[in-house]
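These notes concern the structure reproduced below.
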Amino acid sequence: MALQIAVHGHFYQPPRDNPWTKEIDPQTSAAPFPNWNERVHAEAYRPNAFARIPSENGERVVNNFERLSFDVGPTLMQWMERADAETYREIVRADEVSRERLGHGNALAQAYHHTILPLGSMRDARTQVRWGLADFRHRFGRDAAGMWLPETAADDATLGVLIDEGVAFTILAPGQGAAWRELGGDWRAVEDESLETRVAYRYEHRDGSGRSLAVFFYDGDISHSIAFGDAGSSAERFVDLFAARVVDGGLVHAATDGETYGHHHVFTDLGLAYALFVEAEKRDVEVTNYAAFLDAHQPEREVRLRPGGTSWSCAHGLGRWKEDCGCSTGGEDGWNQAWRGPLRDALEIVQAAADDAFERVGGRLFADPWAARDDYVRALTGEVSVDHVIGRNASAPLNDAGRAAAQTLLALQESSMSMFTSCGWFFNDVGGIETIQVLRYAARTLELLDELGQPSPQDEFVTMLEQAKSNDPDVGTGADAFRGLDRA
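If you want my numbering, it's the 1-based position in the sequence shown plus 975.
Structure below.
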């Protein structure tokens, strides 16, 4: 029996559009490219769709997405569709090719705004999941079997939402499992992240209904070697990592940021191509995907999650997105991230006002304002017009003023949810470009409240931001950064 492997690439960039112009402003830190989307695209996304490797007949061009399990962020796909339609089409086509080869597509859906779902309301988590599934359906022409959770951030409530929305499986880090058992057997505690990763686990809904989804826990050692080592520079070393795990079958699999292949590590897009298209075939290694494996191997074990919410990039659960837990990327010696808590608290003040206005004003215009919000994703993908969404969800025919208010309300919710894009907390300072981006969404959300004639919590918001102190004296505080925003 051939060794079965799967390599998952999580492809994502935070939304970078100016909330007022809907264009990406110049980002000098991305030089020589005009912005970070363009730079990472040139270094990773396009090269992986058109990888050039040597062959007996000269040069062979392959599409790594045909052999990778992958998810691509909805807002990134939206940008790519405009910026490089050729690469966009190749990514979509790769899913079609994998369906022909394996019977199941390589592509997974992703929650829409890359927010840390366990830290928000379950109503927001449900919308993020529904928007992600709808965006996937629009782009790939099929329902998604699996969904990637941003930062693999999960708790019982979040996995319950996935089950409710019909998701068949997700991928988590091995440290996120707390206990497992053979179906019908006794529970065993997971110690030192020693969870068997070559099998799928059944995770049962906490509501007692018996409904479930499958969970794959990726191999942490292999994933770490690819992401932070030099495994991607050698096709032989890459495949060796997987081959060393084989004992008695199962799926040997890794999960990494897609940007690993070319952006984080130069030329690893070529190493990946040679590993998956040449070296794997030479060794009779079967490169598969999660849905195909699950189709043939239903879970025989059950799993429970660690309590409190966990993720793949924070050793402290979810601390990286709410407190000074010690996890950060970049920065200088002595810097802290005590600004994270006040930033989240400030944004939640704005969100509470936006939700209140949406429910009160939207309740007069929509039959169900929250159902209208869920439906709004079809306008964001371009599948239908905003007027169509409003017409479908209005409680009665609306005049021009009513339609304008309804459109502003929907934009308000999209902007409000954008404020919680995970990258706003991920790095090292409140003055970073990703954090400035979420503050821009906050500014736009406050403006939309003003346009609706609704109470603005701006003073309370700014007061809270004053507690988000930058490590850079030139930045000052989050309030200073907010006041200095370019809103044109």
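Just so you know, even glycine gets a beta-carbon here, dropped at the ideal spot from N, CA and C.
Rounded to the nearest whole angstrom, the C-alpha separation of R1419 and D1320 is 17 Å. Only residues of its own chain outside the window of five on either side were considered, and among them A1153, A1154 have a CB closer than 6 Å to the CB of R1279, listed in chain order. Using a Cβ distance threshold of 8 Å, V1136 and G1121 do not count as a contacting pair. Beta-bridge pairing by DSSP links S1200 to no other residue. With a 10 Å radius around the Cβ and a threshold of 16 neighbouring Cβ atoms, K997 comes out exposed. Exposure of Q1273 is indicated by the presence of fewer than 16 other C-beta atoms within 10 angstroms of its C-beta. Following the DSSP letters along the chain, one finds V1336 inside the alpha helix (DSSP H) bounded by residues 1315-1340. For S1390, the closest C-alpha among the options W1310, A1371, L1423, P1009 is that of L1423. The beta carbon of E1441 lies closer than 6 Å to those of T1452, A1454 in the same chain, with the five residues before and after it left out. The way I'd put it, the stretch 1241-1250 does touch the stretch 1019-1029; three or more beta-carbon pairs between them come closer than 8 Å. Cβ neighbours of P1001 within its own chain (closer than 7 Å, five residues either side excluded): P1009, N1010. A1100 is classed as buried because its beta carbon has at least 16 other beta carbons within 10 Å across all chains shown. Rounded to the nearest angstrom, the Cβ distance from D1059 to H1016 is 7 Å, consistent with a contact under 8 Å.
The beta-bridge partner set that DSSP reports for K1444 consists of T1452. Runs of alpha helix (DSSP H) with 4 or more residues, each lying fully within the stretch 1050-1101, are found at 1060-1077, listed in chain order. Going by DSSP, F1213 is part of the alpha helix (DSSP H) stretching over 1210-1218. Looking at the DSSP output, F1144 shares a beta bridge with G1121, A1189. Sixteen is the threshold: since fewer than 16 other Cβ atoms of the shown chains lie within 10 Å of the Cβ of V1036, the residue is exposed. Relative to F1217, the option among G1207, H1228, G1224, D1223 whose CA is nearest is H1228. The three-state secondary structure of P1029, taken from DSSP, is strand.
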